[in-house]
Amino acid sequence: MAADRPESRAWWIWGAAVIAYLAAVFHRGSLGVAGPLALDRFDVGPAALSAFTVLQMSIYAAMQIPTGLLADRFGPRRVVTVAVLLLGAGQILFAVAASYPMALLARGVLGVGDALTWVSILRLVATSFSARRYALVATISSALGALGGVAATFPLTLALEGMGWTPTFLLVGALTAGYAAITFGFVRDPRTSSTAGRPSGAAATMARVRAAWAVPGTRLAFWVHFGTLFAAGALTLLWGFPYLVEGLGVAPATASALLSVLIIGQVVGGPVVGALIGRRPECRMPIVVGYLVISALTWTALLGWPGGTPPLTFVMVAFTVFALGVPVSSIAFALVRDYNPIQQVGTATGVANAGGHSATALGVALVGLLLDGVQGMPGVDAYRVAMLALPAMLLLASWRTFVWWRRARAVVLEAQARGDEVPVSLRRQRWDLPRLATAASR
Numbered sequence: 006m007a008a009d010r011p012e013s014r015a016w017w018i019w020g021a022a023v024i025a026y027l028a029a030v031f032h033r034g035s036l037g038v039a040g041p042l043a044l045d046r047f048d049v050g051p052a053a054l055s056a057f058t059v060l061q062m063s064i065y066a067a068m069q070i071p072t073g074l075l076a077d078r079f080g081p082r083r084v085v086t087v088a089v090l091l092l093g094a095g096q097i098l099f100a101v102a103a104s105y106p107m108a109l110l111a112r113g114v115l116g117v118g119d120a121l122t123w124v125s126i127l128r129l130v131a132t133s134f135s136a137r138r139y140a141l142v143a144t145i146s147s148a149l150g151a152l153g154g155v156a157a158t159f160p161l162t163l164a165l166e167g168m169g170w171t172p173t174f175l176l177v178g179a180l181t182a183g184y185a186a187i188t189f190g191f192v193r194d195p196r197t198s199s200t201a202g203r204p205s206g207a208a209a210t211m212a213r214v215r216a217a218w219a220v221p222g223t224r225l226a227f228w229v230h231f232g233t234l235f236a237a238g239a240l241t242l243l244w245g246f247p248y249l250v251e252g253l254g255v256a257p258a259t260a261s262a263l264l265s266v267l268i269i270g271q272v273v274g275g276p277v278v279g280a281l282i283g284r285r286p287e288c289r290m291p292i293v294v295g296y297l298v299i300s301a302l303t304w305t306a307l308l309g310w311p312g313g314t315p316p317l318t319f320v321m322v323a324f325t326v327f328a329l330g331v332p333v334s335s336i337a338f339a340l341v342r343d344y345n346p347i348q349q350v351g352t353a354t355g356v357a358n359a360g361g362h363s364a365t366a367l368g369v370a371l372v373g374l375l376l377d378g379v380q381g382m383p384g385v386d387a388y389r390v391a392m393l394a395l396p397a398m399l400l401l402a403s404w405r406t407f408v409w410w411r412r413a414r415a416v417v418l419e420a421q422a423r424g425d426e427v428p429v430s431l432r433r434q435r436w437d438l439p440r441l442a443t444a445a446s447r
């Protein structure tokens, strides 16, 4: 149910909030092209370098359920404002860090700020726009946020080359912290985001988390997000640039341009996927399954290419496929919106959002560990071995997605058999075969 206010005002408020998310994506990806500089600045190896991203994304994933609870309880306005302040402070600290532990602390602060943004944006969207518009607005939000990733590739490379490490990160940190005045003064919470009178405390909090996790549709959303997001995340945040430069021998400028494909694909694909699943919600899971299959085939070709070095044209195609996983991952939030009551959407969204980002942290860590283990191999072979961690994770996610899809659909079929009301978007699934209910009980 949309909030009780003119929709045009809702769009303006959403626009102010989504800029904060754009800043979060920029800061999240800022280490992608700065990784080689960080190796020299902090005198560390690949595993220690990956620890920056693993720490940041682990904090992000761990904070998703608390963020959902905070957004449900205090409203997006306060949560987003705190997020922007933490992002700015974390980047300023990273700019002046002279030691590896201090830099780790800075990335941890960034991780907390980053974690507070996306679920709060989705909470704002869920309570400000109709269910019909939700999928479209959510994917547009993701696409606009991806522009922050664009800024964290070639433009950030130029800034680092022209200004240096400390001035560049000081500037972007200060600008981000200053934006908190805009979010606090302009963003307004929908009336439906109020949770006054609801039980609080650790017991009540855990009860809300358990209630969200108990919904099969929430677990389905978790695994959908896990399987579709992590490839683009691991490549954009850390390993894409070294893979291209050290593994495939691509020039740094060309590598930056190829990395931007990962972002541009998100920007272009987001509104397309959002419009499609908004009009045809029965297409959501077929799109997910199709993406998982195509992604598996793409990894097979990329890592199994004869000689180990695929042509740049194919690398661009592969990166485009991985980029499209980000808008496809937004289907998880549409599933959360349909399977959960509105007062539980923030918490359930946090659960689902933890899926893809915990997968990203795991993927980054595994690639770094494998690279450390094969240091004696030539670059192209070392990266072929290390990158095998990512398709292995894809197979795990595909299996669990199918399991929970069957179980979630069985719940809907049982509800329909009892004559209970279910959302239209769940009633109109094309593959509502009775045998799914039997299979789900196995």
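Heads up: the sequence shown begins at 6 in the numbering used here, then just goes up one per residue.
Quick reminder that beta carbons are idealized off the backbone N, C-alpha and C, glycines included.
About 7 Å separates the beta carbon of Leu367 from that of Met398, a gap short enough to meet the 8 Å contact definition.
Annotation: the continuous alpha helix (DSSP H) that includes Glu166 extends over 159–168. The criterion of a C-beta distance shorter than 8 Å is satisfied by Ala328 and Val266. The beta carbon of Gly232 sits closer than 7 Å to those of Leu297, Leu399, Ala402, Ser403, Thr406, all from its chain and outside the five residues before and after it, given in chain order. DSSP, read as helix, strand or coil, puts Phe134 in coil. Ranking Ser13, Ile24, Ser147, Arg412 by CA distance to the CA of Ala219 puts Arg412 first. Within the same chain, and ignoring the five residues on either side of Leu165 in sequence, the residues whose Cβ sits closer than 8 Å to its Cβ are Val38, Ala39, Leu42, Thr173. Going by DSSP, Asp119 is part of the alpha helix (DSSP H) stretching over 105–120. Under the three-pair Cβ rule at 8 Å, the region 88–103 counts as touching the region 115–125. Excluding sequence positions up to five before and after Thr223, its CB lies within less than 7 Å of the CB of Ala217, Val341, Tyr344, Asn345, Ala353, Val356, Ala357, all in the same chain and listed in chain order.
A residue is called buried once 16 or more other Cβ atoms fall within 10 Å of its Cβ, and Leu149 is buried on that count.
Nearest to Ala387 by alpha-carbon distance, out of Val85, Leu395, Val372, is Val372.
Non-local C-beta neighbours of Thr188 in its own chain, meaning closer than 8 Å and more than five positions away in sequence, comprise Ala21, Ala22, Ala25, Arg82, Val85, Thr86, Val89, ordered along the chain. Boundaries of the alpha helix (DSSP H) around Tyr344: 336–344. DSSP places Arg193 outside any alpha helix (DSSP H), giving it a letter other than H or E. Contact between the region 328–339 and the region 268–288 is present: 3 or more CB-CB pairs across the two stretches fall below 8 Å. For Gly34 and Gln348, the gap between their C-alpha atoms comes out near 32 Å. For the set Met107, Leu242, Ser104, Ala15, the Cα lying nearest the Cα of Thr132 is the one of Ala15.
Val142 places its beta carbon 8 Å or farther from that of Gly351. Counting of Cβ neighbours within 10 angstroms places Val417 among the buried residues, the total reaching 16 or more. Bounds of the alpha helix (DSSP H) holding Val294 are 289–308.
Put simply, of Val177, Gly238, Phe47 the residue whose alpha carbon is nearest the alpha carbon of Tyr65 is Gly238.
If you ignore the 5 residues before and after Phe31, its C-beta comes within less than 6 Å of the C-beta of Gly153, Ala156, Ala157, all in its own chain and listed in chain order.
One thing to note: Leu36 has its Cβ within 8 Å of the Cβ of Phe57.
Under a 10 Å Cβ-count criterion, Thr241 is classified as buried, with 16 or more other Cβ atoms of the shown protein chains found around its own Cβ. Excluding residues up to 5 positions away in sequence, Pro51, Ala387, Ala391 lie with their Cβ nearer than 7 Å to the Cβ of Leu376 in the same chain. For Thr314, the three-state secondary structure derived from DSSP is coil. Cβ atoms of Ala100 and Leu175 come within 8 Å of each other, at about 4 Å.
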